[in-house]
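Chemist: Sequence order for the protein chains is A and B. FYI, this note's numbering numbers position 85 of the first sequence as 85, with every residue one higher than the one before it. FYI, this note's numbering numbers position 138 of the second sequence as 1138, with every residue one higher than the one before it. A virtual CB, placed ideally from N, CA and C, is assigned to each residue, including glycine. First, the structure itself, so that you have it in front of you.
Protein chains: 2
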Amino acid sequence: MVKVLMGPETFIYPMPVLLVGANVEGKPNFMAVAWGGIANGVPPMISVAIRPQRYTFKGIVENMTFSVNIPPSDMVKEADYCGTVSGSKVDKVKVCQFKVFYGKVENAPLIEQCPVNLECTVVHILGLGSNSLVIGRIEEAHVSESCLTDGKPDVSKIKPLGYVTSPARQYQVLGEITADAFSVGAELKARE
Amino acid sequence: MVKVLMGPETFIYPMPVLLVGANVEGKPNFMAVAWGGIANGVPPMISVAIRPQRYTFKGIVENMTFSVNIPPSDMVKEADYCGTVSGSKVDKVKVCQFKVFYGKVENAPLIEQCPVNLECTVVHILGLGSNSLVIGRIEEAHVSESCLTDGKPDVSKIKPLGYVTSPARQYQVLGEITADAFSVGAELKARE
């Protein structure tokens, strides 16, 4: 397999589409973030890489709390909009018609229309260069009742978006289930 | 929309399926990691959350270098296998028949059969609890020539896997392209 050197590039696929929320000067604002992932298991933590110039970042630093909301595929317009305009200029909540609610973490605004909402408190902010890596402890998760199956979140009902950048910047839904994890690889044990 | 409180849970969808590589005592080893994401843009960095007891972690600390390899969907068995057995007990490279090569970063073993390979040097290791968040600077990216379109990586050729845990732990390929990013949201500008 011939390999081509591409230089230092952030080629990770797929990335999640997250709406990160914070109150900025007392008003809820949301930005789209694809550069995020789970950072710890116990206690549960998430990381999101945000440019410190961003309006939402101001609110995160102000309150040391934030939220992570997972938009379903039918909210792709709202998710994209939140990634292209600044809350310093427009009221994204109003434009996107988000119904905002709060849980137990103060100043972590949650979007009712998103099937999954995580309330987070900041444990670290790491300046890495162009971005600051915000690591938050997940204090509570809310899931829409309509997206549960036998009491557990069901991705086939949540319909999360993946974000890919190559060759074009686009949103993709999840497709076919390829295999069960912690199971399909067992076949290779015969080769040990 | 009725919401159900689920407690503090790491509900992020989708997560990527990554094979993280390191040389442990001079021999290449790979583990499957879903808890990872882009951590910085300039310079490019990635984060992976690894339990410090893991064999691969030993090699990362030993050399302060590691690799990230993206398995295509037809390597789901190998990816799963690498997530279920320890390199302290078996030679995963042999069992999975990985062809290993190296780039410019020493002790960062790359898997030829994976269409995307990132060579990384460690910039931070953050103990967060059950996991250590390893933040690596991406020094070089290799992409299989067969997975390029007009000189750029093409996810429709790379065929990466997404990992989801709810309601079952499973691998899913990417599906339909929903919309173009930095574009579809523009429609909402009329509401500003």
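Against residue 1019 of chain B, what residues of chain A qualify as contacts under a CB-to-CB distance less than 8 Å, listed in chain order?
Modeler: Looking up residue 1019 of chain B in the second sequence gives position 19. By Cβ distance, chain A contributes nothing, its closest Cβ being about 12 Å from residue 1019 of chain B, past 8 Å.
Chemist: Taking beta-carbon pairs under 9 Å, can you tell me which members of the region 18 to 46 of chain A lie near chain B?
Modeler: Cβ contacts with chain B come from 18, 32, 34, 35, 36, 37, 38, 39, 40, 41, 42, 43, 44, 45 and 46.
Chemist: For the region 1053 to 1105 of chain B, which segments carrying the alpha helix (DSSP H) assignment without a break, of at least 4 residues, lie completely within its bounds, in sequence order?
Modeler: List check, alpha helix (DSSP H) in window: 1055 to 1063, 1076 to 1082 and 1092 to 1096.
Chemist: Near residue 194 of chain A, which residues of its chain fall below 6 Å by C-beta distance, leaving aside the five closest residues on each side in sequence?
Modeler: Outside the displayed range of chain A (1 to 192) lies residue 194 of chain A, so it cannot be described from this structure.
Chemist: Please tell me whether residue 1169 of chain B has its Cβ less than 8 Å away from any Cβ of chain A.
Modeler: Position 169 of the second sequence, counting from 1, holds the residue named residue 1169 of chain B. At least one chain A Cβ lies under 8 Å of residue 1169 of chain B.
Chemist: Identify the contact partners of residue 163 of chain A in chain B, using a Cβ-Cβ distance below 7 Å as the criterion.
Modeler: On the first sequence, residue 163 of chain A is found 163 positions in, with the first residue counted as 1. Simply 1181.
Chemist: Quick one, which of A:82, A:36 and A:45 has its alpha-carbon nearest residue 94 of chain A's?
Modeler: Residue mapping note: residue 94 of chain A aligns to position 94 of the first sequence, counting from 1. Among A:82, A:36 and A:45, the Cα nearest to that of residue 94 of chain A belongs to A:82.
Chemist: Compare the Cα-Cα distances from residue 1001 of chain B to each of A:173, A:101 and A:50 and report the closest residue.
Modeler: In the second sequence, the residue the question calls residue 1001 of chain B occupies position 1. With distances taken between Cα atoms, residue 1001 of chain B lies closest to A:101.
Chemist: Quick one: list the residues of chain A neighbouring residue 1012 of chain B, beta-carbon separation under 9 Å, in chain order.
Modeler: The sequence position of residue 1012 of chain B within the second sequence is 12, counting from 1. Correct list: 16, 18, 36, 37, 38, 46, 68, 70, 116, 118 and 160.
Chemist: Would you tell me roughly how many angstroms separate the C-alpha atoms of residue 48 of chain A and residue 184 of chain A, rounded to the nearest one?
Modeler: Within the first sequence, the letter at position 48 stands for residue 48 of chain A. Within the first sequence, the letter at position 184 stands for residue 184 of chain A. Taking the straight line from one Cα to the other gives about 31 Å.
Chemist: If the criterion is Cβ atoms closer than 8 Å, does the pair residue 172 of chain A and residue 14 of chain A meet it?
Modeler: Looking up residue 172 of chain A in the first sequence gives position 172. Looking up residue 14 of chain A in the first sequence gives position 14. Yes, the Cβ-Cβ distance between residue 172 of chain A and residue 14 of chain A is below 8 Å.
Chemist: List the residues of chain B whose Cβ lies closer than 9 Å to the Cβ of residue 108 of chain A, in chain order.
Modeler: In the first sequence, the residue the question calls residue 108 of chain A occupies position 108. Ordered by position in chain B, no residue passes the 9 Å Cβ test against residue 108 of chain A, which lies about 13 Å from the chain.
Chemist: Could you have a look at residue 1039 of chain B and say whether DSSP puts it in helix, strand or coil?
Modeler: Residue mapping note: residue 1039 of chain B aligns to position 39 of the second sequence, counting from 1. Note: residue 1039 of chain B maps to strand in three-state DSSP.
Chemist: Using a Cβ cut-off of 9 Å, pull out every chain B residue sitting near residue 63 of chain A, in sequence order please.
Modeler: In the first sequence, the residue the question calls residue 63 of chain A occupies position 63. Simply none; closest approach about 19 Å.
Chemist: Among all the DSSP beta bridges, which residues are the ones paired with residue 3 of chain A?
Modeler: Position 3 of the first sequence holds residue 3 of chain A. In DSSP, residue 3 of chain A forms a bridge with B:1144.
Chemist: Kindly indicate the opening and closing residues of the beta strand (DSSP E) around residue 47 of chain A.
Modeler: For the purposes of this step, residue 47 of chain A is identified with residue 47 of the first sequence, where counting begins at 1. Here the beta strand (DSSP E) through residue 47 of chain A covers 45 to 50.
Chemist: Residue 1191 of chain B versus chain A: which residues are under 7 Å apart at the beta carbon?
Modeler: To locate residue 1191 of chain B, count along the second sequence from 1; it is residue 191. Chain A residues near residue 1191 of chain B: 95.
Chemist: Counting contacts by CB-CB distance shorter than 8 Å, is residue 153 of chain A in contact with chain B?
Modeler: Position 153 of the first sequence holds residue 153 of chain A. By this cut-off, residue 153 of chain A is an interface position.
Chemist: Ends of the alpha helix (DSSP H) at residue 1027 of chain B?
Modeler: For the purposes of this step, residue 1027 of chain B is identified with residue 27 of the second sequence, where counting begins at 1. Counting along the chain, residue 1027 of chain B falls outside any alpha helix (DSSP H), though it belongs to the beta strand (DSSP E) covering 1027 to 1033.
Chemist: Please say whether residue 1030 of chain B and residue 1166 of chain B have beta carbons closer to each other than 8 Å?
Modeler: Looking up residue 1166 of chain B in the second sequence gives position 166. Looking up residue 1030 of chain B in the second sequence gives position 30. Not closer than 8 Å, so no.
Chemist: Taking 8 Å as the threshold, find out whether the region 72 to 92 of chain A comes into contact with the region 1061 to 1079 of chain B through three or more Cβ pairs.
Modeler: No contact exists between the region 72 to 92 of chain A and the region 1061 to 1079 of chain B.
Chemist: Do we get a CB-CB distance below 8 Å when we pair residue 1004 of chain B with the residues of chain A?
Modeler: Counting from one through the second sequence, the residue named residue 1004 of chain B turns up at place 4. Interface residue, yes.
Chemist: Are the beta-carbon atoms of residue 24 of chain A and residue 58 of chain A separated by less than 8 Å?
Modeler: As a working mapping, residue 24 of chain A is identified with position 24 in the first sequence. As a working mapping, residue 58 of chain A is identified with position 58 in the first sequence. Result yes, Cβ atoms of residue 24 of chain A and residue 58 of chain A sit closer than 8 Å.
Chemist: Using a Cβ-Cβ cut-off of less than 8 Å, list which residues of the region 1074 to 1089 of chain B approach chain A; keep chain order.
Modeler: So the close ones are 1076, 1077, 1078, 1079, 1080, 1081, 1082, 1083, 1084 and 1085.
Chemist: For residue 1161 of chain B, count neighbouring Cβ atoms within 10 angstroms of its own Cβ and tell me buried if that reaches 16, exposed if not.
Modeler: Residue mapping note: residue 1161 of chain B aligns to position 161 of the second sequence, counting from 1. With 16 or more Cβ atoms within 10 Å of its Cβ, residue 1161 of chain B is classed as buried.
Chemist: Would you check if the region 1108 to 1115 of chain B and the region 110 to 124 of chain A touch, i.e. whether three or more CB-CB distances between them fall below 8 Å?
Modeler: No: fewer than three Cβ pairs fall under 8 Å.
Chemist: Using a C-beta to C-beta distance shorter than 8 Å, which residues of chain B count as neighbours of residue 53 of chain A?
Modeler: As a position in the first sequence, residue 53 of chain A is number 53, starting the count at 1. What residue 53 of chain A touches in chain B: nothing, since even the nearest Cβ is about 12 Å away.
Chemist: Distance, Cα to Cα, residue 6 of chain A vs residue 55 of chain A?
Modeler: Translated into positions along the first sequence, residue 6 of chain A becomes position 6. Translated into positions along the first sequence, residue 55 of chain A becomes position 55. Computed Cα separation, rounded: 32 Å.
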